[in-house]
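Q:
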Amino acid sequence: MALDINAVDFEDYFPSMIARLGTEGFIWELCNGFRLLMDVEKGLITFESLKRNSVLLGLHDMRDDELLCMLMEGDLDGDGALSQTEFCILMFRLSPGLVDAGPNINKQWMEDGDVNEMQAAC
1 MALDINAVDF EDYFPSMIAR LGTEGFIWEL CNGFRLLMDV EKGLITFESL KRNSVLLGLH
61 DMRDDELLCM LMEGDLDGDG ALSQTEFCIL MFRLSPGLVD AGPNINKQWM EDGDVNEMQA
121 AC
């Protein structure tokens with residue numbers, strides 16, 4: 001397998017953010033990230049809004065097909081965009097630290113609230 005020298009390095013800060021902010025504060029920050037990337041008129045992260053805001057993420061060199069793959073990775077309902085819930089689920093799925101933390105983080109998440117409460121907090 002060839003090594004992609006253009007790959008983006010990813011450091012997972014989510015576990016330390018949860019430890020510092022608590023679950024509610026962390027969810028608030030996820031919601032802020034969603035709002036930063038979303039199309040204000042549609043209330044979704046669309047290809048166009050992701051492309052427009054990719055500079056904010058340091059992803060200005062990404063090709064259109066790479067941005068589209070990012071959207072497709074989290075698009076659970078097949079509408080070609082990410083809702084707030086899809087975005088949060090994707091962020092959790094892509095966090096190796098949260099997966100490795102396993103039951104401790106998941107237990108805290110479940111005790112602190114469900115998806116509906118998360119959406120209300122945002």
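Everything in the sequence shown is counted per the UniProt record's numbering, starting at 1 for the first residue and increasing by one.
Just so it is clear, CB atoms sit at the ideal spot from N, CA and C, and this is done for glycine as well.
Measuring CA to CA, which of Glu41, Ile45, Leu57 is closest to Thr85?
A: Ile45
Q: Can you name the start and end residues of the alpha helix (DSSP H) that Gly74 belongs to?
A: 64-74
Q: Can you confirm whether the segment 32-48 touches the segment 75-89 when touching is taken to mean that 3 or more C-beta pairs between the two stretches lie within less than 8 Å?
A: yes
Q: Do you know offhand how far Lys51's Cα is from Gly74's?
A: 16 Å
Q: Can you tell me whether DSSP reads Leu90 as helix, strand or coil?
A: DSSP places Leu90 within a helical segment (H, G or I) once states are collapsed to three.
Q: Less than 6 Å between C-beta atoms, sequence neighbours within five positions excluded: which residues of the same chain meet that for Ala19?
A: none
Q: Measure how close the beta-carbons of Cys88 and Leu21 come, nearest whole angstrom, since I'm counting them as under 8 Å.
A: Contact doesn't hold; Cβ gap of about 15 Å is too wide.
Q: Here's a check: name, in chain order, each residue in its chain whose Cβ is nearer than 6 Å to the Cβ of Asp64, leaving out the five neighbours to either side.
A: none
Q: I'd like to confirm the pairing. Which residues does DSSP put opposite Asp39 in its beta bridges?
A: In DSSP, Asp39 forms a bridge with Leu44.
Q: For Leu82, write down the residues that DSSP places opposite it in a beta bridge.
A: Ile45
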